[in-house]
Amino acid sequence: MFDQITFFVVAAIILIFSVLTVTSRKILRSAVYLLFVLIATAVLYFMLDYNFLAAVQLTVYAGGIVVLIIFSILLTSHISERAVVAPTFQRLLSALSAVAGAVLVLMVVMKFNFVPDTTPVQYAATAISATDSTAVASTVPTIKDVGHALVSYDRGGFALPFEVISILLLAAMIGAIVVARKERASFPGKKEVIDNSENESEQ
Amino acid sequence: MIQNVPLSYVLIVSTLMFFIGIFGFLTRRNLITMLISIELILNSVNINFVAFNRYLYPQGFEGHFFSMIVIAVAAAESAVAIAIIINIYRNFKSIDVENVDQMKF
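Residue numbers (this note's numbering), protein chains in the order written: chain P, 1 to 203; chain L, 1001 to 1105.
Right under this line is the structure:
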């Protein structure tokens, strides 16, 4: 009962602030509404017992991406500036297509009968460790399980995606620095304040 | 899994969030707010992966890892996108898509 009430509160927060995010005329305010949506999503992950994923969501999304977005808003527009929106006809058409898509997907979701898959996992790397005492606790991945699966190169391990993602992050980091850097023949040193703030926002 | 909350409730939340993001992406004219809409869409897909993993396949955690990888890719994507947006702002003095109609120099 308590879980149900909490879920409905979290769902209401997610939906209300999602709508506010895409309709708010002030850009900075819309970024802050996005922060609320992401934190409510992390609460949803906590309720589903995925603690590590919720922590990742909080640190990377709420702590990293939203701060990056707020930095870039402050660099590119005035706080009091109101966002330009599409003409009314176009907004109406977009709302109509979004509602049509939502109704279509919701009809399928409500009608479909989801059956849980109870067959045990064949490979050891991703299975939840059976050392836990109670049956309920054995289905909850601990951080130890997550860490083991992340570096395991057995069947079902996630060592290859882990390495690929690290290379992708490195490439994105270097690419972001190269793209956002100012084109200049000689670097003039650190006397310009604007240069420093831009360098911070790239990291 | 959450007590007394069936899977379809979680899927309803993520579906509505996805189409709110689509609506924002179609109606916004500012590059940063379009990026914010994309973050909403990615987040709703993450909720889907996690809910399917937790409700239908609780003995493994492939969906859990897929969500983590999506979060990492979203971080990389937004870093590169913001670098491009700052570069566009430097060249056009505006980040509205209406004004950015000439991408080559």
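Ideal Cβ positions, reconstructed from N, Cα and C, are used throughout, including at glycine.
Which residues in chain P have a C-beta closer than 7 Å to the C-beta of residue i? List them in chain order.
i	result
D1096/L	V84
F1019/L	A98, G101 and A102
Using DSSP bridges, identify the partner residues of residue i.
i	result
D1096/L	N1030/L
R82/P	K26/P
Roughly how far, in whole angstroms, is the beta-carbon of residue i from the beta-carbon of residue j, given that I think they are within contact range, below 8 Å?
i	j	result
L48/P	I1002/L	7 Å
V1070/L	A172/P	Their Cβ separation, rounded to whole angstroms, is 14 Å, which puts V1070/L and A172/P out of contact at 8 Å.
A1051/L	V1010/L	4 Å
E1039/L	L34/P	6 Å
F114/P	L1016/L	Rounded, the Cβ-Cβ distance is 18 Å, inconsistent with contact.
S1014/L	L53/P	In fact, because the Cβ distance is near 15 Å, the residues do not count as touching under 8 Å.
I73/P	I27/P	5 Å
V1005/L	F7/P	5 Å
So residue i contacts chain P; which residues on that side make the cut at Cβ distance below 8 Å?
i	result
N1048/L	Those do not exist, as N1048/L stays about 10 Å from chain P at its closest Cβ, beyond 8 Å.
Within the same chain, show all residues whose beta-carbon is closer than 7 Å to that of residue i, passing over the 5 residues directly before and after it, in chain order.
i	result
N1099/L	F1092
E1062/L	N1053
N1030/L	I1095 and D1096
Y45/P	L53, A54 and Q57
V140/P	D49
Y61/P	L38
E183/P	none
Taking Cβ positions, are residue i and residue j nearer each other than 8 Å?
i	j	result
S1037/L	F1019/L	no
A40/P	V10/P	yes
I1095/L	I1088/L	yes
S94/P	T1027/L	yes
I165/P	A1072/L	yes
R29/P	R82/P	no
I985/L	A180/P	The structure shown does not extend to residue 985/L, since chain L spans only 1001 to 1105, so no value can be given for it.
A42/P	L58/P	yes
V109/P	S1008/L	yes
Here's a check: name, in chain order, each residue in its chain whose Cβ is nearer than 8 Å to the Cβ of residue i, leaving out the five neighbours to either side.
i	result
I1022/L	S1037 and I1041
S133/P	Unreliable positioning characterises S133/P in this predicted model, as indicated by a pLDDT of 41, which lies under 50. The coordinate reading is nonetheless provided below. Closer than 8 Å at the Cβ level, and outside the excluded window around S133/P, lies no residue.
I5/P	none
I222/P	Lying outside 1 to 203, the shown extent of chain P, residue 222/P is not represented and no answer is given.
A137/P	For A137/P, the predicted structure reports a pLDDT of 44, less than 50, and the residue's modelled location is therefore unreliable. A value from the coordinates is still provided. Within the same chain, A137/P has no close Cβ partners at all.
S77/P	I27
Excluding the five sequence neighbours on either side, which residues of its own chain have a C-beta within less than 6 Å of the C-beta of residue i, listed in chain order?
i	result
D3/P	none
V37/P	I14, F17 and S18
V151/P	A159
F1049/L	G1063, F1066 and S1067
T131/P	Any reading at T131/P needs caution, since the residue's pLDDT is 45, under 50, leaving its predicted position unreliable; the model's value is listed next. The answer is none, since no qualifying residue turns up.
L1035/L	A1081
T119/P	none
A135/P	Here A135/P scores only 46 on pLDDT, less than 50, and its place in the model is too uncertain to base an answer on.
Going along chain L in order, which residues have a C-beta closer than 8 Å to the C-beta of residue i?
i	result
Y45/P	V1050
T204/P	With chain P represented from 1 up to 203, any question about residue 204/P goes unanswered, as that position is not in the structure.
T76/P	I1032, I1085, I1086, Y1089 and I1095
T142/P	Correct list: empty, because the minimum Cβ distance to chain L is about 11 Å.
L169/P	A1072, A1075 and A1076
I205/P	In the structure as shown, chain P begins at 1 and stops at 203. Residue 205/P is therefore absent and cannot be evaluated.
G175/P	V1080 and A1083
F114/P	L1007, S1008, Y1055 and L1056
A55/P	Correct list: empty, because the minimum Cβ distance to chain L is about 11 Å.
S80/P	What S80/P touches in chain L: nothing, since even the nearest Cβ is about 14 Å away.
I16/P	Result: empty, since nearest Cβ-Cβ is about 10 Å, beyond 8 Å.
V151/P	Those do not exist, as V151/P stays about 12 Å from chain L at its closest Cβ, beyond 8 Å.
Can you find a CB in chain C that lies within less than 8 Å of the CB of residue i?
i	result
I1038/L	In the displayed structure, chain C is absent; the protein chains listed are P and L.
By the criterion of Cβ-Cβ separation under 9 Å, what are the contact partners of residue i in chain P?
i	result
F1092/L	What F1092/L touches in chain P: nothing, since even the nearest Cβ is about 10 Å away.
Q1102/L	Within 9 Å Cβ-Cβ: nothing; Q1102/L doesn't reach chain P, min ~17 Å.
For a contact defined as C-beta to C-beta under 7 Å, what are the partners of residue i on chain L?
i	result
R155/P	Simply none; closest approach about 12 Å.
A180/P	A1083, I1086 and N1087
I73/P	I1032
G229/P	What the structure shows of chain P is the stretch from 1 to 203, and residue 229/P is not part of that stretch, so it cannot be assessed.
A172/P	A1076, A1079 and V1080
Identify the contact partners of residue i in chain L, using a Cβ-Cβ distance below 9 Å as the criterion.
i	result
F254/P	Because chain P is modelled from 1 through 203, residue 254/P falls outside the range shown and cannot be assessed.
R91/P	F1023, L1026 and T1027
I69/P	I1032, L1035, I1036, E1039, S1078 and I1082
T88/P	Simply none; closest approach about 10 Å.
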